[in-house]
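Some notes on the structure that comes next.
There are 2 protein chains.
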Amino acid sequence: MTETSLIGFSRGEQTSSTFRAVDPKTGSELGTEYSHSSEGDVQRSCELAQLSCLPMASLSGQKKAEFLRLLADRLDGAVDSIVEIMTVETGLPEARVRGETGRTSGQLRMFADLLVDGSWVDARIDRADPGRLPLPKPDLRAMLRPIGPVAVFCASNFPLAFSVAGGDTASAWAAGCPVIVKAHHAHPGTALLVGKLIVQSLEESGLPEGAFSLLFGEGRIVGQALVTHSVIKAVGFTGSRSGGRALFDLASQRKEPIPVFAEMSSINPIFLLPELNMDEMENIADGLFASATLGGGQFCTNPGIVFYPNNGDGEIFRDSYAEKMKDYPPVAMLHQGIRESYAKGIEEMVKQKGVEVLALSDLSEEGNGGCDAGTCVLNTSIECFLKNPQLTTEVFGPTTLLVSYEDKEDLLRVAREMEGQLTASFFGHKEMLSSHENLLDLMETRAGRLLFNQFPTGVEVCESIVHGGPYPATTDSRSTSVGTGAILRFARPVCYQGFPDEFLPEELREENPGGIKRKEG
Amino acid sequence: MTETSLIGFSRGEQTSSTFRAVDPKTGSELGTEYSHSSEGDVQRSCELAQLSCLPMASLSGQKKAEFLRLLADRLDGAVDSIVEIMTVETGLPEARVRGETGRTSGQLRMFADLLVDGSWVDARIDRADPGRLPLPKPDLRAMLRPIGPVAVFCASNFPLAFSVAGGDTASAWAAGCPVIVKAHHAHPGTALLVGKLIVQSLEESGLPEGAFSLLFGEGRIVGQALVTHSVIKAVGFTGSRSGGRALFDLASQRKEPIPVFAEMSSINPIFLLPELNMDEMENIADGLFASATLGGGQFCTNPGIVFYPNNGDGEIFRDSYAEKMKDYPPVAMLHQGIRESYAKGIEEMVKQKGVEVLALSDLSEEGNGGCDAGTCVLNTSIECFLKNPQLTTEVFGPTTLLVSYEDKEDLLRVAREMEGQLTASFFGHKEMLSSHENLLDLMETRAGRLLFNQFPTGVEVCESIVHGGPYPATTDSRSTSVGTGAILRFARPVCYQGFPDEFLPEELREENPGGIKRKEG
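Sequences listed follow chains A and B, in order.
Just so we're aligned: 93 in our numbering is position 93 of the first sequence, and the numbers increase by one with no gaps anywhere.
Add 1000 to the 1-based position in the second sequence for our numbering, that's all there is to it.
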């Protein structure tokens, strides 16, 4: 049987170009065939999105919230079916799939709550002053309005929470934007299952058809067609640095450039400060082991590099961590492409001058499906590290580079040279923090989230989270892709001057029927 | 005598490449010679900016506010000297110079007030919940922090309010960013005068030297060097579409792309709705005449195109407006380049099929300095307009294209095809507005500010203003370059997880010493 795209409430064309998902645990193709979307599918999804722009923009927060909550319930209700297909397509364990389903429905409900509260629109009011001299002051009111249709690219490592109904889609809908999703080739069945739940929920909520389409196809063809289509006004992406940069370049070179919110590459440095004692070092090795192997090391916030003091306590950390990682059995990675990049990445790192291998699974051992990969721990000195930019390349998977340093000046030099990161974590003593202020201040300019005595994996979904950071962590350091702040990516301010009260958006009317927080000038 | 750049608190090099300003009223070069900045000047200004990043970022709102207020006072105190040089360099009348000085010092004080209030940082707090299941909730707190050094390009048409100490610079400083300004070649003396006031104010306030540099030079050399320098993290620009796009392209193609906030091109459409009667049409002709000739028509918000109903009342508007514009005497434009573009733009428009000239000053009449230019009123039908995209090109200056339409459907067609605009204005009857909702909704997706029965010139500087809009009005529709919202361009969210209270920024501490508004999750 051949499945096709979802174009609004109908299905896309059957095309001659098809693909199947692969079970990463066995390497065998799964039964269902998927048609790559045709040019006509892309065009029709964009036309529908365009048609739904004004209807979507005119929806009340309440109405959008009802839809998001209905979809959240539907997702939770379908968790058994999701488990069935997603475990096979991704190799992820059932508990993770159930957890990610809850995270995804939770995100939808979080945006529903934000919409019901209503204050997110940053309403600003300056009332008229006809008697002002030398000129009367006009009545000006402003609020955030939807940016227009958004293209969303599914992430391979979050087949639910950063895919079809994930954070990018939810935040774009919440802002009032239609969304066209490009599925990830590794989990088309999961994508289609979620996509169908979306279509049902849209229909039942009475939302416009063009609010959602789901396309299958290669990034270079369908993805490119989508990002360069004049109807699309913003892009959300989670994936590789090269993929995100390619979309950014396409979007920037359009006749009408559009913003790309690509969350790409981060090695999430951890700084073990010199004051740590032996017991603390042991505990950190435990915690780091759990963090670095979580989800098979396939998280954007996976800690890829650790700076430890070149002293006895530091050595205890290093040896203890390497021992733990050595004993960790290989696990299936998400898909063959990730497995290949992982092996190639490690191969490159091992070749670098001054890099010592402390633990390394046999990478020629290909497991059942060829997707199994084990852990890797590498070690080097601060001199080698500072001389070789290659050592800051992200190797996506359960690998860690340990770097021993001599003194605090070394860490400042590291921080000065460091590229943008999603996170930077510091382990040390509270009483000593003031002596590291320069390091903290520098790293603040390099990362979206700073942590003290905590590991960066496990991204809390809430108001205060920042999942973003300077390039190459993302293509827009002024944004977050997790948490309520993610909605701000897909909204733009609009000002209304001199309009009669009854023609203003509800949020800007005198009586403030929703009781939202407003800035009044 | 030869003047040089201001590099921090010292002066730039004397180079062999120099220029002089020209009095647009006489066409003669002024006495002072200015050295184009050397490569070394650019490099040194960037190094100083880099050195001042952390000190700038650590300044309290109060401290930044003191500096902005001191500078505002200095500007007001220097108004006589500013009048002296700026009237000669720009041809603008004394009253305008005094007004713009007040607007510029007013902007600085507005940002000072915003900083003292302190709530602009969008502080968000989610407190820890160690007992949460299945996992404890960490303590997360986020706020906006400075993006890093900002390059600002001076506007020719606002030699104060959008130049050296103008809105871009003030908002970047307010956010805590160092600023490097490239002066406009048409008013280097005004730029230098203001720049020296800045240096004095910085020194007196004890702010770091790298907080400000002022460069002279051509966009293609100095501008390009600045925008591609790795230290620069954002760009503010007000000027032509080609100039803004060139900077945007350079910035997007960097190894580390950076945001460009370019405010470029807008024809600011005015829609005269069919219900208007004769008296109203006469009044609108009066108002439009004042708006279209304000500042010699050299405002970004100048109304360049007016859609009027093809009926008797519409004809009254058309004829009355053309008569007024015919009688308006030529005025000196800001510089020869603008004068040349204006003449060329009109020449192109007049050539277009179906375009009728209702009023046109003799463009070969070059005035004393060759910078004089008069008004122009062109007229065409909706059919010709819709067939010819050339007719939507901005012609910067006191010219207006009038377009007669038949019915409301015509206006919807216009709106659907229209490029992004800073403003869109509607004139009509309040009781009839609901019958034009489709038009309003469509234009909301095309413009940053919508006006009812008001003209777009005269941009109020306040909380609620939006001076921005979809491309090509700006390169980032999610921003405003006027009003308090302008600060958001130069700030990025940073999250602090698990930090002891005393190491958090003051804005995020439990006691909230500044009493700012915060979102508490």
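Note that the Cβ used here is the ideal one computed from N, Cα and C, for glycine as well.
- Identify the continuous beta strand (DSSP E) that holds LEU1019 of chain B and give its terminal residues. On the second sequence, residue 1019 of chain B is found 19 positions in, with the first residue counted as 1. The sequence shown places Phe at residue 1019 of chain B, rather than the Leu named in the question. That run of the beta strand (DSSP E) goes 1018 to 1022.
- Query: When you compare each of A:LEU508, A:PHE499, A:LYS233, A:ILE82 to ALA195 of chain A by their alpha carbons, which one comes out closest?
  - Reply: The count along the first sequence starts at 1 and reaches residue 195 of chain A at position 195. Per the sequence shown, the amino acid found at residue 195 of chain A is Gly instead of Ala. Ranking the options by Cα distance to GLY195 of chain A, first place goes to A:ILE82.
- Message: Relative to the C-alpha of ARG1241 of chain B, which candidate in B:LYS1182, B:GLU1209, B:VAL1395 has its C-alpha closest?
- Response: On the second sequence, residue 1241 of chain B is found 241 positions in, with the first residue counted as 1. It is B:VAL1395.
- Task: Hey, could you find the ends of the alpha helix (DSSP H) GLY195 of chain A is sitting in?
- Result: Numbered from its first residue, the first sequence carries residue 195 of chain A at position 195. Per DSSP, the unbroken alpha helix (DSSP H) holding GLY195 of chain A starts and ends at 188 to 205.
- By Cβ distance below 8 Å, which residues in the same chain neighbour LEU1115 of chain B in space, the five residues on each side in sequence not counted? Start at 1 with the first residue of the second sequence, and residue 1115 of chain B comes out as number 115. Cβ neighbours of LEU1115 of chain B beyond the five flanking positions: GLY1061, GLN1062, LYS1064, ALA1065, LEU1068, ALA1174.
- Given that ASN1388 of chain B touches chain A, what residues does it touch there, using C-beta distances under 7 Å? Indexing the second sequence from 1 puts residue 1388 of chain B at position 388. What ASN1388 of chain B touches in chain A: nothing, since even the nearest Cβ is about 18 Å away.
- Which partner residues does TYR405 of chain A have in the DSSP bridge list? For this step, residue 405 of chain A is matched to residue 405 along the first sequence. DSSP links TYR405 of chain A through a beta bridge to A:PRO309.
- Message: Going by DSSP, what residue range makes up the beta strand (DSSP E) through THR380 of chain A?
- Response: On the first sequence, residue 380 of chain A is found 380 positions in, with the first residue counted as 1. Note, THR380 of chain A: beta strand (DSSP E), 376 to 381.
- Taking the alpha-carbon positions, what's the ASP23 of chain A to GLY91 of chain A distance? The count along the first sequence starts at 1 and reaches residue 23 of chain A at position 23. The count along the first sequence starts at 1 and reaches residue 91 of chain A at position 91. If you draw a straight line from the Cα of ASP23 of chain A to the Cα of GLY91 of chain A, it is about 7 Å long.
- Task: Could you tell me whether the region 270 to 284 of chain A touches the region 305 to 312 of chain A, where touching means 3 or more Cβ pairs closer than 8 Å?
- Result: Enough Cβ pairs lie closer than 8 Å, so yes.
- Item | Cβ of ASN1157 of chain B within 8 Å of any chain A Cβ | Taking the first residue of the second sequence as 1, we reach residue 1157 of chain B at position 157. For ASN1157 of chain B, the answer is no, since every Cβ of chain A falls outside 8 Å of its Cβ.
- Can you name the start and end residues of the beta strand (DSSP E) that CYS1495 of chain B belongs to? To locate residue 1495 of chain B, count along the second sequence from 1; it is residue 495. Under the DSSP assignment, CYS1495 of chain B falls in the beta strand (DSSP E) whose first and last residues are 1491 to 1497.
- Message: I need the boundaries of the alpha helix (DSSP H) containing MET1349 of chain B, first residue and last residue.
- Response: Along the second sequence, read from residue 1 onward, the residue named residue 1349 of chain B stands at position 349. Per DSSP, MET1349 of chain B belongs to the alpha helix (DSSP H) from 1336 to 1351.
- Run the CB neighbour count on PRO136 of chain A, radius 10 Å, all protein chains shown included, and call it buried at 16 or more, exposed below. Counting from one through the first sequence, the residue named residue 136 of chain A turns up at place 136. Residue burial is scored here from C-beta neighbours: PRO136 of chain A has fewer than 16 other C-beta atoms within 10 angstroms and is therefore classed as exposed.
- Under 8 Å by Cβ, that's how I've got ASN1268 of chain B and THR1445 of chain B pegged, so tell me the actual separation to the nearest angstrom. Indexing the second sequence from 1 puts residue 1268 of chain B at position 268. Indexing the second sequence from 1 puts residue 1445 of chain B at position 445. At roughly 16 Å, the Cβ-Cβ gap does not stay under 8 Å, so ASN1268 of chain B and THR1445 of chain B are not in contact.
- Message: For a cutoff of 8 Å on Cβ pairs, would you count PHE1503 of chain B as touching chain A?
- Response: Counted from its first residue, the second sequence places residue 1503 of chain B at position 503. Chain A, which has a Cβ nearer than 8 Å to the Cβ of PHE1503 of chain B, makes this yes.
- Item | Cβ distance (whole Å) where GLU1409 of chain B is taken to contact PRO1472 of chain B below 8 Å | As a first step, residue 1409 of chain B is located in the second sequence; it is residue number 409 there, counting from the start. As a first step, residue 1472 of chain B is located in the second sequence; it is residue number 472 there, counting from the start. Incorrect: roughly 26 Å between the Cβ atoms, too far for contact.
- Message: Counting only Cβ pairs nearer than 9 Å, list the residues of chain B close to ARG449 of chain A.
- Response: For the purposes of this step, residue 449 of chain A is identified with residue 449 of the first sequence, where counting begins at 1. Under the 9 Å cutoff, chain B gives LEU1140, ALA1142, VAL1494, CYS1495, TYR1496, GLN1497.
- Item | Closest residue to SER1037 of chain B among B:LEU1051, B:PRO1178, B:THR1015 (Cα-Cα distance) | Within the second sequence, the letter at position 37 stands for residue 1037 of chain B. Out of B:LEU1051, B:PRO1178, B:THR1015, the CA that lies nearest to the CA of SER1037 of chain B is found in B:THR1015.
- Beta-carbon gap between ILE147 of chain A and ARG1478 of chain B smaller than 8 Å: Taking the first residue of the first sequence as 1, we reach residue 147 of chain A at position 147. Taking the first residue of the second sequence as 1, we reach residue 1478 of chain B at position 478. When the beta-carbon positions are compared, ILE147 of chain A and ARG1478 of chain B come within less than 8 Å of each other.
- To the nearest angstrom, how far is it from the Cα of GLU1323 of chain B to the Cα of GLU1282 of chain B? To locate residue 1323 of chain B, count along the second sequence from 1; it is residue 323. To locate residue 1282 of chain B, count along the second sequence from 1; it is residue 282. Those two C-alpha atoms are separated by around 12 Å.
- Query: When you compare only the Cα positions, how much space is there between ILE1305 of chain B and ALA225 of chain A?
  - Reply: Along the second sequence, read from residue 1 onward, the residue named residue 1305 of chain B stands at position 305. Along the first sequence, read from residue 1 onward, the residue named residue 225 of chain A stands at position 225. Their Cα atoms are separated by approximately 34 Å.
- Could you tell me which of B:LEU1059, B:GLY1118, B:LEU1048, B:TYR1034 sits nearest to THR1484 of chain B, measuring between CA atoms? Here residue 1484 of chain B refers to the residue found at position 484 of the second sequence. Closest option to THR1484 of chain B, Cα to Cα, is B:GLY1118.
- Task: Thinking ALA78 of chain A and LEU193 of chain A are a contact (beta carbons under 8 Å), I'd like their distance in whole angstroms, please.
- Result: What you label residue 78 of chain A is simply residue 78 of the first sequence in a count that begins at 1. What you label residue 193 of chain A is simply residue 193 of the first sequence in a count that begins at 1. Confirmed, Cβ separation roughly 7 Å.
- Message: Is it buried or exposed, ASP126 of chain A, if we count other Cβ atoms within 10 angstroms and call 16 or more buried?
- Response: As a first step, residue 126 of chain A is located in the first sequence; it is residue number 126 there, counting from the start. So ASP126 of chain A counts as buried.
- Query: What separation, rounded to the nearest whole angstrom, lies between the Cα atoms of GLY1239 of chain B and VAL1331 of chain B?
  - Reply: Indexing the second sequence from 1 puts residue 1239 of chain B at position 239. Indexing the second sequence from 1 puts residue 1331 of chain B at position 331. Going from the Cα of GLY1239 of chain B to the Cα of VAL1331 of chain B covers about 21 Å.
- Classify LYS1517 of chain B as helix, strand or coil using the three-state DSSP reduction. Residue 1517 of chain B sits at position 517 when you count from the first residue of the second sequence. In this structure, DSSP gives LYS1517 of chain B a state outside helix and strand, which the three-state scheme calls coil.
- Query: Buried or exposed: MET333 of chain A, going by 16 or more other Cβ atoms within 10 Å of its Cβ?
  - Reply: Along the first sequence, read from residue 1 onward, the residue named residue 333 of chain A stands at position 333. Buried: at least 16 other Cβ atoms inside 10 Å.
- Item | Contact list for THR1393 of chain B against chain A, beta-carbon separation under 9 Å | Within the second sequence, residue 1393 of chain B is the residue found at index 393, counting from 1. The contacting residues do not exist; THR1393 of chain B stays about 14 Å from chain A at best.
- Nearest to ASP1407 of chain B by alpha carbon, out of B:ASN1388, B:HIS1436, B:LEU1391, B:LYS1430? Against the second sequence, residue 1407 of chain B aligns to sequence position 407. Checking every option, the nearest Cα to that of ASP1407 of chain B belongs to B:HIS1436.
- Message: Taking the straight line between their C-alpha atoms, what separation do you get for PHE1503 of chain B and ALA1142 of chain B?
- Response: What you label residue 1503 of chain B is simply residue 503 of the second sequence in a count that begins at 1. What you label residue 1142 of chain B is simply residue 142 of the second sequence in a count that begins at 1. About 13 Å.
- Answer yes if the region 83 to 102 of chain A comes into contact with the region 443 to 459 of chain A, meaning at least three C-beta pairs across the two stretches below 8 Å, and no otherwise. Verdict: no, contact absent.
- Query: Secondary structure at GLU1218 of chain B, three-state DSSP: helix, strand or coil?
  - Reply: Taking the second sequence and counting its residues from 1, the one referred to as residue 1218 of chain B is at position 218. The answer is coil: DSSP assigns GLU1218 of chain B none of H, G, I, E or B.
- Can you tell me whether DSSP reads PRO146 of chain A as helix, strand or coil? Looking up residue 146 of chain A in the first sequence gives position 146. Looking at PRO146 of chain A - three-state DSSP - the assignment turns out to be strand.
- Message: Mapping the DSSP letters down to three states, classify LEU1358 of chain B as helix, strand or coil.
- Response: Walking along the second sequence from the start, residue 1358 of chain B turns up at place 358. Assignment of LEU1358 of chain B by DSSP, reduced to helix, strand and coil, places it in the strand class.
- Terminal residues of the continuous beta strand (DSSP E) containing LYS1182 of chain B? If you number the second sequence from 1, residue 1182 of chain B lands on position 182. Under the DSSP assignment, LYS1182 of chain B falls in the beta strand (DSSP E) whose first and last residues are 1179 to 1182.
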